[in-house]
Each structure stands twice: as C-alpha cells, then as structure tokens.
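Below you'll find the structure, written out as structure tokens, and then a few comments.
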C-alpha cells in the first residue's frame, strides 16, 4: 500500500483554497490541478508499506505525538517548487508552521530508523497544482491570497490509491491531538 502521514484540512477550507487557487491558475498556460478533496499537509511520505509496517507506523506515531495539542494553521501565500516538467504550485503557511515542524521532528527520526528512509527537508505546504507553466509571472506575483485558518486536530495515515482512475487519499488511521 502506498502510504503517507499528514494533516487533513476541513472541507470548508478546502473549498476556499480551491477558490484562491483558481484566481492564480487563470494566469497559467498549463497545469494539472489537484482535486479539492486531496488538499492536505504531508508530514512524511512513506511509500509502499505492508500491513505489519502500517501497524509499526501507527505505534510510532501514537507514541511520539502524544502530548501534542490541537493547533491553528494559517494558510497563506503561494510559491513554486521548480521541476523540469513544470513547477509545483503550493500554498504556504504562516502561524502553525512551527507546530507542524515540531510534530515532524518528533516522529521523523523514529520513522526513518524503523523504515530506513532518507531524512529529507521538511517544507510544510498544500500542493495546489502540478506541471504548472505560468504565462504572465508579473501579474501572477501581484495577486495575493486570502489567509485561511483551520485547526489541526489529528494526524492521519493516508492510503494513496486510484479509484476509477482518480487519485484518492483514504484515511487509514486517525490519531487525535489532545484538546487545547
């Protein structure tokens, strides 16, 4: 199973992200937009895992995120990760990014140790579109996004798969963060 660990975003905020995304994508020559239902913040991409690996991952997460409280995440501003076949357009974070980094740090070493994964740079974001080619970068950069705020209440193990040829992220396990 193809697995990643992340934080889901409430549906009303996903709709607002989609509206903000569309304001910018109209200045793009081409792109492959991420489906609104798939907006999330990735904490750790795991790749292919067996059922027993999944159980180990759940144990690591439960053990290492206990004590973390729910927190607000402020989404704002857009940026790009440059790729040869087109850029990745993302929405970044303001307040809350520190907490995301703390949770990532709390689990990353244990996950990497158990699953022999590389320790990569953690840059929390929400991917909006892939293979983006911007037609008018000056106009694109002049636009500003509306700040969107949601409360991160749980860490989720997601299963990434295709349903009727549509990429789908199915929650496998939800681990609640403690109340404020």
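Residue numbers (the numbering used here): 158 to 337. From the three backbone atoms N, C-alpha and C, an ideal C-beta is built for every residue, glycine too.
In this structure, how does DSSP classify residue i when only helix, strand and coil are distinguished?
i           : result
residue 296 : helix
residue 209 : helix
residue 334 : coil
residue 216 : helix
residue 321 : coil
residue 242 : coil
residue 193 : helix
For the alpha helix (DSSP H) that contains residue i, what are its first and last residues?
i           : result
residue 173 : 168-182
Residue range of the beta strand (DSSP E) that residue i falls in?
i           : result
residue 188 : 185-190
residue 309 : 305-309
residue 163 : 159-165
Ignore the nearest five residues each way along the sequence and tell me which others in residue i's own chain have a CB closer than 7 Å to its CB.
i           : result
residue 184 : 291, 292, 293, 296, 297
residue 267 : 217, 221
residue 180 : 300
residue 331 : 311, 313
residue 213 : 271
Spatial neighbours of residue i within its chain, please: C-beta separation below 8 Å, excluding the five flanking residues on both sides.
i           : result
residue 224 : 335
Given residue i, which residues of its chain have a CB within under 6 Å of its CB, disregarding the five upstream and five downstream residues?
i           : result
residue 281 : 198, 250, 254, 257
residue 289 : 185, 188, 243, 244, 246
residue 261 : 200, 279
task: May I have a chain-ordered list of the alpha helix (DSSP H) segments no shorter than 4 residues that lie completely inside the region 246-289?
output: 254-272
query: With contact counted as at least three CB pairs below 8 Å, one residue from each stretch, are the region 254-268 and the region 223-236 in contact?
result: yes
- prompt: If we count Cβ pairs, one from each stretch, closer than 8 Å, do we get three or more for the region 234-247 versus the region 279-290?
  reply: yes
query: Does the region 293-308 touch the region 208-223, meaning 3 or more C-beta pairs lie closer than 8 Å?
result: no
At least 3 beta-carbon pairs within less than 8 Å: the region 303-312 vs the region 161-171: Segments in contact, yes.
Three or more C-beta pairs below 8 Å linking the region 310-326 and the region 185-201: yes
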